[in-house]
Amino acid sequence: MTFLAIDYGARRLGLALSEGAGLAWPLQTHARRPNDVRGDIAALLGLIRARGVEAIVLGIAGGSAQSDEIASQARRFVARLDEAAHAAGLELALFEADERFSTSLAQTQLRGAGISTRQSRDSGGADSIDARAAAVFLQTFLDARSDSPAPAPLDNPS
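Listed below in structure tokens is the structure:
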């Protein structure tokens, strides 16, 4: 299954992918335009089609009034994305993942690679902090899925 992780923000969407091998990698950061949700959704639908995405993993942080409000906005955004995908004939599975500390872990990775926080914010590609944060929580999500026991096969009723 191909997963697209979305690290939702008011100004940027960090995007990461996993194409079935159980490995997540940062893809890009989509710079959002003010009051252009339709443009954001159109851009993501193009990416979903091009990459054969079958599932969305939305990063959700909680624990404060501000993060709860952002989580609510993110859920509304993904609901609109799902509606648009459905109208375009695309069926997506939707998941949420805990994104707490993903940005901190991504910053540590970037510093280790010699990339400053400022450089990573200015980058729109795979080296962006937002795309790396999405890859961090997507990898955690994938690891948790692989650690879960497989469902037991159904008994043959014959």
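Add 2 to a position in the sequence shown, counting from 1, and you land on the number used in the working numbering.
No residue lacks a Cβ here, since even glycine has one placed at the ideal position from N, Cα and C.
Predicted model, so just to flag it, every value in this text is computed and none were measured.
Taking the alpha-carbon positions, what's the phenylalanine 97 to leucine 6 distance? Taking the sequence shown and counting its residues from 1, one reaches residue 97 at position 95. Taking the sequence shown and counting its residues from 1, one reaches residue 6 at position 4. Each residue's Cα considered, the two are about 10 Å apart.
Between His32, Ala137, Ala12 and Asp38, which has its C-alpha nearest serine 69's C-alpha? Indexing the sequence shown from 1 puts residue 69 at position 67. Of the candidates His32, Ala137, Ala12 and Asp38, the one whose C-alpha sits nearest the C-alpha of serine 69 is Ala12.
Helix, strand or coil: which one does DSSP assign to valine 138? Taking the sequence shown and counting its residues from 1, one reaches residue 138 at position 136. Reduced to three states, the DSSP call for valine 138 is helix.
Distance, aspartate 100 Cα to alanine 63 Cα: In the sequence shown, counting from the first residue as 1, residue 63 sits at position 61. In the sequence shown, counting from the first residue as 1, residue 100 sits at position 98. Each residue's Cα considered, the two are about 6 Å apart.
Do leucine 94 and alanine 76 have their CB atoms nearer than 8 Å? Here the question's residue 94 lines up with position 92 in the sequence shown. Here the question's residue 76 lines up with position 74 in the sequence shown. In this structure, alanine 76 does not lie closer than 8 Å to leucine 94 by Cβ.
Of all the beta strand (DSSP E) runs that stay within the bounds of the stretch 26-106, which reach a length of 3 or more residues? 27-33, 57-62 and 95-100
Assuming alanine 137 contacts alanine 52 under a Cβ cut-off of 8 Å, what Cβ separation, rounded to an integer in Å, is found between them? Numbered from 1 along the sequence shown, position 135 holds the residue referred to as residue 137. Numbered from 1 along the sequence shown, position 50 holds the residue referred to as residue 52. Not quite, the Cβ-Cβ distance comes to about 18 Å (not below 8 Å), so this is no contact.
Compute the Euclidean distance between the alpha carbons of arginine 82 and arginine 40, then round it to the nearest angstrom. Position 80 of the sequence shown, counted from the first residue, corresponds to residue 82. Position 38 of the sequence shown, counted from the first residue, corresponds to residue 40. Rounded to the nearest angstrom, the two C-alpha atoms are 9 Å apart.
Helix, strand or coil: which one does DSSP assign to alanine 12? In the sequence shown, counting from the first residue as 1, residue 12 sits at position 10. The answer is coil: DSSP assigns alanine 12 none of H, G, I, E or B.
Alanine 18 by DSSP, collapsed to three states: which one? Here the question's residue 18 lines up with position 16 in the sequence shown. In the structure shown, alanine 18 sits in a strand (DSSP, three-state: E or B).
In terms of alpha-carbon separation, which member of Gly24, Pro28 and Asp9 lies closest to alanine 18? As a first step, residue 18 is located in the sequence shown; it is residue number 16 there, counting from the start. Considering only alpha carbons, the answer is Pro28.
Taking only three categories from DSSP, how would you classify alanine 23? Here residue 23 refers to the residue found at position 21 of the sequence shown. Looking at alanine 23 - three-state DSSP - the assignment turns out to be coil, as it is neither helix nor strand.
Looking at C-alpha atoms only, which residue of Ala146, Thr4, Met3 and Leu15 is the closest neighbour of valine 80? Residue 80 sits at position 78 when you count from the first residue of the sequence shown. Comparing Cα positions, the closest option is Leu15.
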